[in-house]
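Going by full-length UniProt numbering, the sequence shown opens with residue 1, and the numbers climb by one from there.
Note that beta-carbon positions come from the ideal geometry of N, C-alpha and C, so glycine has one too.
Just so we're clear, the structure is a prediction, and the values are computed from it rather than from any experiment.
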Amino acid sequence: MEAFCGKWTPDVNSVKGAVEYLTTVAAPESQIEEIRNTTLVEIALDDDIFSVTNYIEGKGSRTDVMKLGEDTSSESPDGVIILSNTRFENNCLITVLSIYDVDIKVVRRIQDGVMVCEFTSSGKTLTFNLIRT
């Protein structure tokens, strides 16, 4: 679990499947801009509390907090309720989200020192890497 903790920089050259995935989930323009402008991701684990802080150019930061193994409800900056459940399984951090009645599975794994992130919904997958900073 600790291998995921720390500061990570998005590798913009590693992004695959973005257009298809974002179209499938009908992401609002504000969410697309937030993804595009994320400059740093910080992941922390305190006992069974998992937090992800995204530093977004021009907007500051946003932190998502989840309790491992339990259903969590939070609200997006746009006021949308996000339901999630995060667990550690087979050396992967797996989060299942429900946003706008759309189910999304997020799988994070460490591969060759890089965090590979896969967001999948309705058979479409957005993949990108984070590089340890």
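In the stretch 70 to 95, which residue ranges form an unbroken beta strand (DSSP E) of at least 3 residues, counting only runs that do not cross its ends? 71 to 75, 81 to 89
Spatial distance of R62 from M1 (CA atoms): 22 Å
Buried or exposed for T23, going by 16 or more other Cβ atoms inside 10 Å? exposed
Bridge partners for G60 per DSSP, in chain order? I56, per the DSSP bridge assignment.
Does the count of Cβ pairs from the stretch 57 to 71 and the stretch 115 to 123 closer than 8 Å reach three? no
Residue 134 versus V114, F88, V19, L126, residue with shortest Cα-Cα distance: In the structure as shown, the chain begins at 1 and stops at 133. Residue 134 is therefore absent and cannot be evaluated.
Nearest to E57 (by Cα), restricted to the options D112, T9, R109: T9
How about L45 and K7: do their beta carbons lie closer than 8 Å? Inclusion of L45 and K7 in the CB contact set at 8 Å is not warranted, their separation being larger than that value.
So what's A3 in DSSP terms, helix, strand or just coil? helix
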